[in-house]
Amino acid sequence: CSMIQDAMEDAFINESVPSSAEKKQLRHAIRKKFAAVDDVVLLRAVNAFRPWRAPVGTSNGIMKVFEDIAFQCGADPDFGVDKPGVALRTRFGTLMKEFKRDQCRSMRKSGTVEQYEERDRLLVDITTQVDDWNTKVTADNKVKEAKQLAIENSGDLMRRIAMNEIDEDDTNTEDDDISTDGKYTQARQKLGKKRLTRPGSAQKGKITKRERLAVVMDALTESLKSASGKDNSKYEYKTQRLAFEKEQANLQLKHKAE
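Throughout the sequence shown, residue numbering follows the UniProt record's numbering, covering 1 to 258 in sequence.
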């Protein structure tokens, strides 16, 4: 009878001791709303993972980052709410908006002075990083747009040269439109020097339309090579496109000569 009683007591004790998962659930059930300490834990994780740098429109995008942030926060014993990544993203957005509106004081409902101070410091640091990143992205996009415009203008220029729709003066005017970081102007000057020093040339210093096409092509290809590694596929496509444009222009020149 004593053995049976001991077994029953052991079973009761084992049932009373929560598992690690139950402990986690109990800990997360402490609060339903975010407190200052939860915001601090969240902002620490955000500052470490930097979701604003996440690639756009991919499986490793911003939501994947916030899922990782949710896992990181859940492992912190100070984090007292059970929230998924999407809820943490919403909370982070709210903190940023309120901080920019200078209304953080109105959000001080629970927590210590130290927690508020750390939260504000983290928000200042994160805001600066986000602004710097957005400035960099904007500048990079402008460079890409300028290169794309130069490529489009160069294709039109090659066709016009082949069709003899522009003369030498017009080509000089177009230089600014197709310039890619000065590479076209440098290539054109280099070609002019070659012709000036070429012995027996009947037209010293005069650049033919065919050579002008080659200059445009070389300058743009060189410019595309300076693109970042992640744009390699775009570089290959645009290079092929330029080669096609050059081939078509040369065929038009040949046909016109005949």
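Heads up, the beta-carbon is just placed ideally off N, CA and C, and yes, glycines get one too.
Computed from a predicted model, the values in this text were never measured in an experiment.
Give the DSSP-derived three-state secondary structure of residue i in the structure shown.
| i | result |
| --- | --- |
| P77 | coil |
| P51 | helix |
| K136 | helix |
| R121 | helix |
| N141 | helix |
| V56 | coil |
| A35 | coil |
| I62 | helix |
| T127 | helix |
| D68 | helix |
| L251 | helix |
Report the CB separation of residue i from residue j in whole angstroms; it is logged as a contact under 8 Å.
| i | j | result |
| --- | --- | --- |
| V86 | F71 | Not a contact, Cβ separation roughly 13 Å. |
| R91 | L42 | 6 Å |
So the alpha helix (DSSP H) residue i belongs to, where does it begin and stop?
| i | result |
| --- | --- |
| F92 | G85 to K100 |
Whose CA, out of the options, lies closest to the CA of residue i?
| i | options | result |
| --- | --- | --- |
| A45 | F79, V143, A35 and D102 | F79 |
| D131 | K33, D38, K100 and T90 | K100 |
| Y116 | D38, Q252 and E245 | D38 |
| T127 | V137, K142, P55 and L95 | L95 |
| W52 | G74, A35, V137 and K32 | V137 |
| Q129 | A35, A150, N47 and Q248 | N47 |
| M63 | R50, K32 and V81 | R50 |
| P77 | P84, L88 and I30 | I30 |
| V81 | V40, E98, F34 and V56 | F34 |
| E98 | K83, D120 and L88 | D120 |
| N153 | E245, G57, N250 and G74 | E245 |
| K32 | P84, G93 and I69 | P84 |
| P55 | W133, T112, V143 and C73 | W133 |
| E114 | V143, Q148 and V40 | V40 |
| A36 | E118, C73 and N60 | E118 |
| R89 | G61, A75, D102 and T112 | G61 |
Is the closest heavy atom of the ligand GTP to the C-beta of residue i under 7 Å?
| i | result |
| --- | --- |
| D102 | Here there are no bound small molecules, and the ligand GTP is not part of this structure. |
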